[in-house]
Amino acid sequence: MLASIVRVTETQAPARPRPVEAAAESLSSSFPRTTVIRPAPRWPHLELLELWHFRELLARLAWRDVSVKYKQTAFGVAWAILQPFLTMVVFTFVFGRFANFPSKGVPYPIFTYSALLPWTYFASAVAISSGSLVGNKALVTKVYFPRVLLPLAGVTVPLVDLVLAFSVLVGMMFWFEVWPNIALVLAPVFLLLAVVTALGVGLFTSSVNVRYRDAAYALPFLLQIWLYLSGVVYAMSALPQKWQWVLALNPMTAVINGFQWGVIGAPAPNLGKTAVSVAAALVIFIVGLEFFRRSEPRFADTI
Amino acid sequence: MTAAITVEGIGKSYRIGQYQSAYGTLRDSITASVGRMVRREHKPQYDEIWALRDVSFEVPEGGVLGIVGHNGAGKSTLLKILNRITTPTEGRATLRGRVGSLLEVGTGFHSELTGRENVFLNGSVLGMKRREIASKFDEIVEFSGVEAFIDTPVKRYSSGMQVRLAFAVAAHLEPEILLIDEVLAVGDAEFQRRCLGRMEELSGTGRTVLFVSHQMQSVSQLCDRALELEKGLIVNDGPAGEVVARYLQRVGGSGSEISWPERASAPGGKVARLRSVRVVNEAGETVEAVDVRSRVGIEVGFTVLDGGVNLFPKIKVLDRQGEIAFNALDTSPHWHEQPAASGDYVSTAWIPGNLLNEGLATVEVAIVELGLDKLMPRAGVRDAVSFHVQDPGEGGSARGVFLGQLRGVVRPLLEWTTEER
Numbered sequence: 001m002l003a004s005i006v007r008v009t010e011t012q013a014p015a016r017p018r019p020v021e022a023a024a025e026s027l028s029s030s031f032p033r034t035t036v037i038r039p040a041p042r043w044p045h046l047e048l049l050e051l052w053h054f055r056e057l058l059a060r061l062a063w064r065d066v067s068v069k070y071k072q073t074a075f076g077v078a079w080a081i082l083q084p085f086l087t088m089v090v091f092t093f094v095f096g097r098f099a100n101f102p103s104k105g106v107p108y109p110i111f112t113y114s115a116l117l118p119w120t121y122f123a124s125a126v127a128i129s130s131g132s133l134v135g136n137k138a139l140v141t142k143v144y145f146p147r148v149l150l151p152l153a154g155v156t157v158p159l160v161d162l163v164l165a166f167s168v169l170v171g172m173m174f175w176f177e178v179w180p181n182i183a184l185v186l187a188p189v190f191l192l193l194a195v196v197t198a199l200g201v202g203l204f205t206s207s208v209n210v211r212y213r214d215a216a217y218a219l220p221f222l223l224q225i226w227l228y229l230s231g232v233v234y235a236m237s238a239l240p241q242k243w244q245w246v247l248a249l250n251p252m253t254a255v256i257n258g259f260q261w262g263v264i265g266a267p268a269p270n271l272g273k274t275a276v277s278v279a280a281a282l283v284i285f286i287v288g289l290e291f292f293r294r295s296e297p298r299f300a301d302t303i
Numbered sequence: 001m002t003a004a005i006t007v008e009g010i011g012k013s014y015r016i017g018q019y020q021s022a023y024g025t026l027r028d029s030i031t032a033s034v035g036r037m038v039r040r041e042h043k044p045q046y047d048e049i050w051a052l053r054d055v056s057f058e059v060p061e062g063g064v065l066g067i068v069g070h071n072g073a074g075k076s077t078l079l080k081i082l083n084r085i086t087t088p089t090e091g092r093a094t095l096r097g098r099v100g101s102l103l104e105v106g107t108g109f110h111s112e113l114t115g116r117e118n119v120f121l122n123g124s125v126l127g128m129k130r131r132e133i134a135s136k137f138d139e140i141v142e143f144s145g146v147e148a149f150i151d152t153p154v155k156r157y158s159s160g161m162q163v164r165l166a167f168a169v170a171a172h173l174e175p176e177i178l179l180i181d182e183v184l185a186v187g188d189a190e191f192q193r194r195c196l197g198r199m200e201e202l203s204g205t206g207r208t209v210l211f212v213s214h215q216m217q218s219v220s221q222l223c224d225r226a227l228e229l230e231k232g233l234i235v236n237d238g239p240a241g242e243v244v245a246r247y248l249q250r251v252g253g254s255g256s257e258i259s260w261p262e263r264a265s266a267p268g269g270k271v272a273r274l275r276s277v278r279v280v281n282e283a284g285e286t287v288e289a290v291d292v293r294s295r296v297g298i299e300v301g302f303t304v305l306d307g308g309v310n311l312f313p314k315i316k317v318l319d320r321q322g323e324i325a326f327n328a329l330d331t332s333p334h335w336h337e338q339p340a341a342s343g344d345y346v347s348t349a350w351i352p353g354n355l356l357n358e359g360l361a362t363v364e365v366a367i368v369e370l371g372l373d374k375l376m377p378r379a380g381v382r383d384a385v386s387f388h389v390q391d392p393g394e395g396g397s398a399r400g401v402f403l404g405q406l407r408g409v410v411r412p413l414l415e416w417t418t419e420e421r
């Protein structure tokens with residue numbers, strides 16, 4: 001589509017060339033050519049068509065963060081595996097050996113590692129997307145693009161780590177002789193639930209962070225508490241029913257239960273509790289998105 | 001012919017006062033709102049300042065519009081609004097065509113990535129498609145002149161190389177509407193010439209261009225029309241040559257003297273108010289232009305209304321690009337050994353010869369109170385006066401026998417020694 005513009009300008013006819021008209025047809029079919037700028041409405045809506053138009057930039061931003069992440073580190077990509085693995089070793093000693101926490105009938109190490117995979121993804125996705133606006137200040141104050149792309153790219157980056165760390169889980173399966181079952185095909189769906197939740201939280205905290213840098217201090221603390229409410233160190237099913245329902249409001253419980261169901265053959269999660277978690281995730285996402293959209297017009301002025 | 005850019009009554013206001021801090025902490029905000037509740041106020045107290053007000057204009061397809069004005073006149077705010085980085089407070093603008101912008105080169109460059117990777121990253125940030133960047137890649141690299149280092153991380157580049165690569169990417173954007181802010185002020189003279197050439201090429205192919213610059217020569221050379229902004233309002237609109245000429249006349253000519261006969265409307269407040277500012281030569285005459293070799297005085301007349309604090313006159317000198325040449329406080333014992341007494345004063349700051357470079361110098365004047373770690377202005381005026389520094393080329397200046405342009409904010413005459421060894 002842009003090749004046509006180039007060609008027109010290169011074959012300059014004596015009459016003034018009209019690249020605008022030459023490109024009009026193809027441009028308008030992919031994206032509205034006319035931009036109308038007005039004061040920000042009170043409740044801006046998300047323009048999905050525009051997001052689609054910027055998909056290459058999203059990929060480029062995510063790619064940038066992935067390729068820069070482990071530059072100038074001695075262990076490099078190994079960090080993606082070391083982080084959950086070392087946490088697993090610590091948890092196994094503290095909670096598995098000493099405290100003897102319940103682990104769904106599978107060896108504690110593989111129980112906690114299979115929970116740490118989605119959890120580590122979630123925690124870093126929230127952390128990266130929360131810092132994404134402030135961390136890209138130069139972009140936010142200099143060029144236009146839908147700001148949603150920044151937290152969105154932030155939640156896609158740690159997916160790479162997740163895939164890498166998964167290879168260790170495969171090794172552990174052989175070691176402990178614990179096998180996945182057919183529900184494995186649903187594991188990506190449960191991970192998607194983690195993506196949606198992380199994006200909701202990230203949208204909210206990233207826009208708060210623009211105005212109040214407090215968010216950067218509160219977040220690690222929040223995530224630490226969240227970890228203990230998500231069934232990473234103990235099996236949720238050992239808790240009283242009443243509390244299980246309350247904790248179902250935390251979408252990460254459904255993510256971890258659902259992921260373990262397929263991956264390490266744990267018992268199937270309760271349908272009702274999963275539904276509660278899905279609903280909670282959607283609420284988090286919508287609230288986060290709306291908050292983000294409302295703060296967006298002032299990002300460049302306050303950052 | 002339809003207009004490519006239509007701007008109708010655009011305005012942008014910022015809140016100042018209580019919310020002045022760029023970003024506060026949550027605690028500050030909570031204390032402030034609790035405070036308001038206690039005092040039974042409904043609205044937060046703040047003042048509004050309009051960075052831009054009631055700006056309307058049209059640019060026809062293929063037109064090249066220049067925007068001139070002082071620093072802080074609202075030029076950059078206007079471009080930021082048209083570029084959708086910030087939203088207007090009122091009004092409406094319509095842009096018909098793909099918009100590309102060169103607000104600042106190098107946006108989105110990542111120092112850990114190689115030149116090649118950054119070309120692709122920067123290109124997508126500026127709105128180019130991957131295919132488009134790939135097809136122009138060789139051209140971009142050639143234009144930048146950094147071929148040999150294209151696979152080296154840009155953190156190993158000199159700043160000049162980074163700028164050249166960044167500009168090369170931006171110059172190969174092919175939008176229908178191009179918004180440009182001061183990008184031509186980078187790089188060496190040779191590179192600037194290439195950039196200007198590229199701009200001429202672009203505007204010769206039916207592209208609509210909006211060009212903000214301090215370089216009056218490029219504005220009158222490249223644009224067919226120009227607007228002058230002052231304090232957020234359009235004060236002049238017409239053919240580029242005329243607007244530039246009138247602007248230069250005003251900022252450069254009559255700006256060597258200013259006075260405020262009525263105390264109530266003079267800059268300042270309870271503590272002090274300004275009375276007059278003049279650019280003077282050694283004979284005490286008001287001058288508009290000075291020889292680079294002779295000293296020039298900035299004479300500040302002011303009244304201290306409420307003495308008892310340590311006050312100092314202060315001047316700040318800027319070059320035409322708005323770069324600060326220096327700040328200077330009055331160091332005479334009169335102000336240092338005792339608190340200022342009420343009364344009328346005239347202080348003159350003598351800027352030595354062979355200090356400032358040739359060109360227009362603008363002076364900001366203030367009466368400041370000494371705080372613990374900062375100066376608190378009690379009366380002041382930006383762009384108070386200005387004067388031209390000229391070098392007749394008769395020797396005795398740093399130019400020597402060279403006749404071309406010497407760049408830099410200052411141009412001191414140094415003491416050089418050479419021995420054979």
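Order-wise, the sequence lines are chains A and B.
According to our numbering, the stretch in the first sequence is residues 1 to 303, in order.
According to our numbering, the stretch in the second sequence is residues 1 to 421, in order.
Backbone N, C-alpha and C fix where the C-beta goes; we use that ideal spot for every residue, glycine too.
Owing to the predicted nature of the structure, the values given are computational and were not obtained by experimental measurement.
| Asked | Found |
| --- | --- |
| Whole-angstrom distance between R298/A and T2/B, CA atom to CA atom | 32 Å |
| I150/B and V163/B closer than 8 Å at C-beta | no |
| Residues of its chain near S124/B, where Cβ-Cβ distance is below 8 Å and the 5 sequence neighbours each way are ignored | R130, I133 |
| The region 379-390 of chain B / the region 332-339 of chain B touching (three or more Cβ pairs under 8 Å) | no |
| Assigned exposure category for M172/A - 16 Cβ within 10 Å defines buried | buried |
| Touching by the beta-carbon criterion (3+ pairs, under 8 Å), the region 88-103 of chain A and the region 67-74 of chain A | no |
| Residues near A127/A by beta carbon distance below 8 Å, same chain, minus five either side | L219, P220, L223 |
| Outcome for N357/B when other beta-carbon atoms lying within 10 angstroms are tallied against a minimum of 16 | buried |
| Buried versus exposed call for W350/B [16 or more other C-beta atoms within 10 Å across all chains shown] | exposed |
| Under 8 Å from the C-beta of E453/B: neighbouring residues of chain A | Nothing can be reported for residue 453/B, as the shown portion of chain B is limited to 1 through 421. |
| Segment contact, 8 Å Cβ cut-off, at least three pairs: the region 76-84 of chain B with the region 262-279 of chain B | no |
| Per-residue DSSP class, three states only, for E8/B | strand |
| Which of helix, strand or coil DSSP assigns to P153/B | strand |
| Check whether I256/A and P107/A have beta carbons under 8 Å apart | no |
| A216/A beta carbon less than 8 Å from that of N209/A | yes |
| Residue nearest to P180/A in terms of C-alpha spacing, selected from R294/A, L139/A, A266/A | A266/A |
| Residue from G268/B, V304/B, V292/B, G284/B whose Cα sits closest to the Cα of I298/B | G284/B |
| CB contact below 8 Å: E112/B versus chain A | yes |
| Closer than 7 Å at the beta carbon, the chain A residues around L121/B | R60, R64 |
| Any C-beta of chain A under 8 Å from that of A171/B | no |
| Bridge-paired residues (DSSP) for I133/B | Partner(s): none; I133/B has no beta bridge. |
| Three CB pairs or more closer than 8 Å across the region 336-347 of chain B and the region 236-248 of chain B | no |
| Residue-chain proximity (V201/A, chain B), Cβ-Cβ < 8 Å | no |
| For I140/B, three-class secondary structure by DSSP | helix |
| The ligand FMN heavy atom lying under 7 Å from the CB of F166/A | Because no ligand of any kind appears in the structure shown, any question about the ligand FMN cannot be addressed here. |
| Given 8 Å, three or more beta-carbon pairs between the region 353-373 of chain B and the region 309-324 of chain B | yes |
| Closest Cα partner of G395/B within the set E201/B, G380/B, L413/B, V381/B | L413/B |
| Span separating the alpha-carbon of A422/B from that of D319/B | With chain B covering only 1 through 421, there is no way to say anything about residue 422/B. |
| Residue-chain proximity (K137/A, chain B), Cβ-Cβ < 8 Å | no |
| Buried versus exposed call for K75/B [16 or more other C-beta atoms within 10 Å across all chains shown] | buried |
| As assigned by DSSP and simplified to three states, the class of Y14/B | strand |
| Continuous beta strand (DSSP E) assignments of at least 3 residues falling wholly in the region 57-98 of chain B | 64-69, 90-96 |
| Neighbouring residues, chain B, relative to Y70/A (Cβ below 7 Å) | By Cβ distance, chain B contributes nothing, its closest Cβ being about 10 Å from Y70/A, past 7 Å. |
| Chain-ordered neighbours of E56/A on chain B, where CB pairs are closer than 8 Å | S124, K129, R130 |
| Run of the alpha helix (DSSP H) containing K314/B, from where it starts to where it stops | Looking at the DSSP string, K314/B is not in any alpha helix (DSSP H); the run it does join, the beta strand (DSSP E), is 311-319. |
| Near-chain B residues of the region 280-301 of chain A - C-beta to any C-beta below 7 Å | P297, A300, D301 |
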